[in-house]
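Sequential numbering from 2 applies to the sequence shown in this note's numbering.
A quick write-up on the structure given underneath.
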Amino acid sequence: MASMRVHELAKEFDMTSKELLDRLHEMKIPAKSHASMLADAYVDKIRKNLSPEIKQRAGKIDAEEAKQLAEEKAQEERKKAEEEANRRAAVEKERALREAERARREGGAPKGEARSEQPKHTPKKAPVSSGFEGLASQIESEKERVAREKAEARAKARAAKMAAEVAKKQAVEEALRSRGRKSSKPATQHKGPAPVLTPKKSSNFSSLLSQIESEKQRIEAQKAEQANKPKPERSERGGKKGERGGKKGKRGNVVQVVPELENQVQGEDRYAQMAVQAEKLQRDKVLAEARAAVAAANSHEGEGRRKKRKEKRQAEARERMEMEAIQKGLDPTLVLDDSVVEIPQGANVAKFAELLGVQPNDVIKRLFMLGQVLTLTQSMSDDLIELIADDMGRKVRVVSPEEEYAVVYHDSEEDLKPRPPVVTVMGHVDHGKTSLLDAIRHTGVAAGEAGGITQHIGASIVNIDGRQITFIDTPGHEAFTAMRARGAQVTDVIVLVVAADDGVMPQTIEAINHAKAADVPIVVAVNKIDKPGANPDRVRQELVEHGVIPEEWGGKNMFVEVSAKKKLHIDDLLETILLQADVLELKANPDAEASGYVIEANLDKGRGPVATVLIHRGTLHTGDTVVAGTSYGRVRALIDPRGNHVDSAGPADPVEILGLNSVPTAGDEFRVFEDERDARKLAEERALRARLAEQETKSHMSLDDLFSRIEEGKQTDLNLIVKADVQGSIEALRDAFEKMDQSEVRINIVHSAVGGITETDVTLAAASDAIIIGFNVRPTGKSKQQAEKEKVDIRLYRVIYQAIEDINAARVGLLSPDIVEEDTGIAEIRETFKVPKVGTIAGCYITDGELHRDDKVRIVRDGTVIFEGEIASLRRFKDDVKSVKQGYECGIGISGYQDLKVGDTIEGYIVKEVERTE
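Pasting the structure below:
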């Protein structure tokens, strides 16, 4: 059953829309007007509730109509009887008149009658009559013939006109009857000399009456057919009412004699006027209802209700804006004040003047008076924006780019569903964070990290008793502050790992501060309790000094003593995490469009830009259009932490997404757009702003300017090009360089990107006299030969300690010996062989240099170093050899590494100490 509108249902129930709306309001069914749609369930409910009333009303109407029809039928019968009696009386009167005329003729002229009859019986007496009498009889007979023809012609014309009028319109049958009666009455009321009547004339009158009678019967049959049809009762009642009105008019105009043509025209005009009047009445009724509705809407009572609803909506909006401002850490009074103008951070003079609605010349004049000479396209600092706005008497609020593009979502309680907790493991370096996660996940992760230090944010999923927990491992080194802060922003519970034998360290304090700033509960895991010098109570005492108080001491933080190496009390830690998550009552809307944060991003040689995201709200599907910072694209694939391709990912799920056009910045918020054009527009606008800000903040310096500054003894710049495997490492290096003392030498990062060192990087370094810093990446293609040709210094590092120490040593001028890696040879793996009890042997071809058995080697895959170690065996055919030169094939076994694949590169090198000459 399809849905119905209110006026359709009202028509079915023979009710007005207003009556039905009143009944709907009584039944608590939402409907605002006659055009409102009613669902199937509501229609069934209305019919069920109104069925008794409709049946009762239909019964009353049927009884009234039956009574009315009976009265009309009795009236019709009476009228038929009267007409039949009048007709018979007229016929009898006509017959009596003809008998009287015949008797008068017989009594008034007996001789002539005898003469006229004598030729019939005695034809022999005809010649006796005189010529005058014969002429008179001829004249009389001729007069009778002419009168008879005229009467026949008049009767035929009258019958033709009546038949045409009956066929043209059914409503004039009463007028035809009245004309029939009028035509019969003058014959009975004629008092002059009687016309000459013949038996032919009486037959014509009888035929006319029979025609009228047959026409009446045909009209009655049509009425009966119309009454039997299932038509609305209103039209039939209206028609009968008109019929009664016609009869009444006929009775009132019996005496008046009107010509037939004039009567026909007047009848047509009258019915046309009746139709126009009915249409006008209907239109006036609709207009009256509309005016009444408008008057009710404009009444003071309606205005009061609308005003209250409007005030309620405004109050809810203000309360929502106030909550958003509090969540963002802003002053609610500034956000709610309509007179406050929001100015984007770093706005230029022209943008500032446009937002305030003033002339740019006024802003430039005030800046000039303050000693700041700026043009229209130059940016203004935050303090300068507030100072100029205060001088002009305007209230402004400087909006950061993050706040400008931030989106606050509001979900109803019905849409929210429980979601898994997101747990971040934080703590000082080498306190056992990754080992603890290894014990939880039962996977070996720490062994594959350089120096045993976590370099990236690793996200993983653990299922405990049917419940999911998402873990994020943050690095503990002091250079990775931004990565720890990013982990604290996207988490629900923080597990603070503190070594029982080491106590509270600087990165432990920093993790506590990040957790407090993000208002995230802390669960303390006291690790390494199996070591001899472990003292968990000392850890508790030191943490109390920083506001982390155990529950057993009256605080809010839960402590669990664990041992990641021996896997002690791991279950207690997981139960504590789930208990803390249950207290938080974590919920999210999985049916909305996905949004979340980028945890890490890198550039893969075969897959392109890869971003690891953590979904905060909604569900991310393959094929969705995503915007993350200045990057956008359509999701081509979703990969879970175990490396499996999935079709969708819900709240608190970490996944890798493929399909972005560029590498996003770690920490960017991502969200799904319905239209790819809107996503591209937003990403391009963000990229344009980022480029403009970078151009405005970067101090362009040529080589001539650099040499002149060195000669003058002024400040010296050290230009760097930083290339790394992931974005988080670049941020860590940038933060470490900014923390250095730059009073004598200023460090400028000319360019930073994710991926291997390319020829373009070497060209840029040669043009800007920069040093290339490579972190976990290698030179690709001919970039190494070009760097030797251009004499560009390339420094490659695997651990961040070494990079920071080298840059700091160069800055302060410490000329300690350089530890240099000298490349000896490069081998390309063309086939792998599995040897029992030995492992994987790589069948290699030496492409460059000479590879020795005692060389250290690194395994490079897609431009990224995946392993560093030593050669276990070096053979040609079946013989062990000390070295293999370029152009020869050999078999190489790597000590402690078996995951060799065809296409990998084995680079041999030796470590030398070279005395510095600079």
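Backbone N, C-alpha and C fix where the C-beta goes; we use that ideal spot for every residue, glycine too.
Worksheet entry | Segments of 4+ residues assigned as alpha helix (DSSP H) that fall wholly inside the segment 358 to 423 | 361 to 370, 383 to 392 and 402 to 406
Discussion item. So, with DSSP's three-state summary, where would you put S649?
Written reply: strand
Worksheet item: How many angstroms separate the CA atom of D706 from the CA atom of I748?
Response: Note that D706 scores 45 on pLDDT, short of 50, meaning its location in the model is unreliable and no value can be drawn from it.
Discussion item. My output table needs one value for R24: the three-state DSSP class, helix, strand or coil.
Written reply: helix
Worksheet item: Under a three-way DSSP split, which group does K913 fall into?
Response: strand
Worksheet entry | Nearest to N645 (by Cα), restricted to the options V915, V656, P652 and R635 | V656
Fill in: DSSP bridge partner residues for K724 (one or two, in chain order)
A754 and G775
Worksheet item: Looking at the structure shown, is V839 part of a helix, part of a strand, or coil, going by DSSP?
Response: coil
Fill in: Runs of beta strand (DSSP E) lying entirely within the segment 610 to 676, each at least 3 residues, in chain order
626 to 629, 632 to 640, 655 to 661 and 670 to 674
Discussion item. Quick check on the burial criterion: 16 or more other C-beta atoms within 10 angstroms. Buried or exposed for K434?
Written reply: buried
Worksheet entry | Sequence-distant residues of the same chain with beta carbon closer than 8 Å to E543, five excluded per side | G504 and V505
Practice prompt. With DSSP as the reference, label F738 as helix, strand or coil.
Written response: helix
Discussion item. Give me, in chain order, the residues of the same chain whose beta-carbon lies closer than 7 Å to that of Q360; leave out the 5 immediate sequence neighbours on both sides.
Written reply: A354
Worksheet item: When you compare only the Cα positions, how much space is there between A595 and V424?
Response: 20 Å
Worksheet item: In whole angstroms, what is the alpha-carbon distance linking D502 and R690?
Response: 49 Å
Practice prompt. Excluding the 5 residues preceding and the 5 following E829 in the sequence, name in chain order all residues of the same chain whose CB lies nearer than 7 Å to its CB.
Written response: C845, Y846, T848 and T906
Discussion item. Can you find the residues in the same chain that come closer than 8 Å, C-beta to C-beta, to R635, ignoring five residues on each side of it along the sequence?
Written reply: G624, D625, T626, V627, G660 and E677
Worksheet entry | Assumed close pair G428, T492 - CB separation to whole angstroms, cut-off 8 Å | Not a contact, Cβ separation roughly 14 Å.
Discussion item. At the level of alpha carbons, what is the spacing between E77 and E221?
Written reply: 11 Å
Worksheet item: Start and end of the beta strand (DSSP E) containing K886?
Response: S884 to K886
Worksheet entry | DSSP bridge partner residues for P551 (one or two, in chain order) | N558
Practice prompt. Flag this pair as touching only if the segment 513 to 530 and the segment 550 to 559 have three or more C-beta atom pairs under 8 Å; answer yes or no.
Written response: yes
Item to complete: Check whether the Cβ atoms of L438 and V426 sit closer than 8 Å, and answer yes or no.
Response: yes
Worksheet item: Could you give the C-beta distance for A684 and T631, rounded to a whole number, given that I count them as a contact under 8 Å?
Response: 6 Å
Item to complete: Give a yes or no on contact between the segment 851 to 859 and the segment 869 to 883, applying the rule of three or more CB pairs nearer than 8 Å.
Response: yes
Worksheet item: In terms of alpha-carbon separation, which member of V545, N662 and L368 lies closest to D605?
Response: N662
Discussion item. Count Cβ pairs between the segment 880 to 889 and the segment 799 to 807 that sit closer than 8 Å; are there 3 or more?
Written reply: no
Practice prompt. Measure the alpha-carbon distance for R79 versus Q227 and round it to whole angstroms.
Written response: 22 Å
Discussion item. So L765 and A843 are supposed to be a Cβ contact under 8 Å. How far apart are they, rounded?
Written reply: Not confirmed; about 35 Å, so no contact.
Item to complete: Under 6 Å Cβ to Cβ from R944, same chain only, skipping five residues before and after it: list those, please.
Response: Only positions 2 to 919 of the chain appear in the structure, and residue 944 is not among them; the question remains open.
Discussion item. Here's the rule I'm using: 16 or more other beta-carbon atoms within 10 Å means buried, otherwise exposed. How should M381 be labelled?
Written reply: buried
Worksheet entry | Pairwise C-alpha distance: P665 and A602 | 6 Å
Worksheet entry | C-alpha distance - P537 paired with R321, whole-angstrom precision | 46 Å
Discussion item. Just to confirm my understanding: we take L377, look at its own chain, exclude 5 residues before and 5 after, and list those with CB closer than 7 Å. What are they?
Written reply: N349, V350, A351 and P361
Worksheet entry | Euclidean distance between Cα positions of K566 and K529 | 8 Å
Worksheet entry | Residue range of the alpha helix (DSSP H) that includes E586 | Run containing E586: none; DSSP gives neither H nor E here.
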